[in-house]
Amino acid sequence: MTALIFDTEVNSLDAKEVIELAYVEAEFFEGEIFYGVISTNRYKPSGPFQAGAVAVHGICPQDVVACHDSADAILPPSEYLIAHNVDFDCEVMHIDDRKRICTLAMCRRLWPDFKSHTLSAMFLELFGMSQSNVARLKRAHSADADVEILIDILNRIIGTSEVQSLEELHVLSDLCRIPTHMPFGKHKGTPINEIPPDYVSWLLKQDDVDQYLKQALAQRSEKRVARSEDLFK
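Going letter by letter, the sequence shown gives residues 20 to 252 in the numbering used here.
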């Protein structure tokens with residue numbers, strides 16, 4: 020079983036067309052994870068660049084004039100996809116048929132006391148705020164540099180959690196993606212098990228609620244029903 024660790028840079032946060040894609044193959048062998056060589060390509064979007072996006076990654080419209088179209092960007096086959104906020108990058112690449120592993124979710128669950136869980140902040144938290152590490156981050160927000168940093172963070176996640184395979188990593192990611200607190204709305208920040216039952220019931224009927232939030236809400240409802248049944252035994 021193989022995974023692709025990947026990162027995208029986009030022309031804007033509205034259209035989300037890929038303008039730079041970097042990826043590397045990874046696989047477990049006898050409990051250790053091994054990586055290939057990072058591949059990087061740039062692409063020309065059909066829509067305009069936004070200043071906010073360019074300010075992040077530093078890629079200008081003229082840098083991609085001679086590149087293939089964004090619509091031509093593809094990832095090689097793999098069973099798993101790994102990224103920091105993997106849903107965003109999968110949306111950019113229009114991929115919905117592979118198992119997703121989210122390092123952002125795992126970082127939030129494994130190190131809940133960190134004030135920020137962005138890729139750059141996690142790197143400094145885990146490896147130290149040295150001059151050499153800060154210098155590495157000056158290249159961050161190019162796709163290949165982000166993949167290099169993500170590999171370091173993934174190694175720390177694997178060492179901390181002691182997972183032994185890509186499937187175990189996927190299971191851990193899915194568990195970490197189930198929220199413990201309400202992420203939005205009038206009950207934002209409230210522990211899931213303290214949200215009013217009528218609000219939980221209403222949310223579970225909505226079609227646009229994230230599947231992991233629905234899992235958390237459903238588990239809360241199941242526990243509440245179980246407690247009620249216990250009272251009448």
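Backbone N, C-alpha and C fix where the C-beta goes; we use that ideal spot for every residue, glycine too.
Remark: C-beta atoms of Arg239 and Ile211 approach each other more closely than 8 Å. In its chain, beyond the 5 residues on either side, Glu98, Tyr99, Leu100, His189 have a beta carbon closer than 8 Å to the beta carbon of Lys118. Residue Met201 holds the alpha-carbon nearest to the alpha-carbon of Val228 among Cys79, Met201, Ala34. Ile170 places its beta carbon 8 Å or farther from that of Phe142. Less than 8 Å divides the Cβ of Val29 from the Cβ of Val37.
Taking C-beta atoms as the reference points, Gly50 and Gln234 fail to come closer than 8 Å.
For the set Asp165, Ser65, Leu194, Gln150, the Cα lying nearest the Cα of Ala41 is the one of Asp165.
Under the Cβ criterion (8 Å, minimum of three pairs), the stretch 122-133 counts as touching the stretch 141-158. Residue pairing of Leu40 in beta bridges, as defined by DSSP: Thr27, Asn60. Between His76 and His160, the C-beta gap is smaller than 8 Å, which places the two residues in contact. Ile211 carries a helical assignment under DSSP once its states are collapsed to helix, strand and coil. DSSP places Cys121 in the uninterrupted beta strand (DSSP E) bounded by 118-121. In the DSSP assignment, Glu187 falls outside any beta strand (DSSP E) and lies within the alpha helix (DSSP H) extending over 185-196. In the same chain as Cys79, and ignoring 5 residues on each side of it, the C-beta atoms closer than 7 Å to its own belong to Val73, in chain order. As the crow flies, the alpha-carbon of Tyr231 is around 14 Å from that of Lys224. In the displayed model, Leu129 falls within a helix according to three-state DSSP. The Cβ neighbour count for Val56, taken over all protein chains shown within 10 Å, is under 16; the residue is labelled exposed. Between Leu156 and Asp163, the alpha-carbon positions lie close to 12 Å from each other. Under DSSP, Ile176 takes part in no beta bridge, so it has no partner.
In the structure shown, Ile170 falls within a helical segment according to DSSP collapsed to helix, strand and coil. Distance from the CA atom of Pro95 to the CA atom of Ser89, rounded to whole angstroms, is 16 Å. For Phe203, the secondary structure class from DSSP, reduced to helix, strand or coil, is coil.
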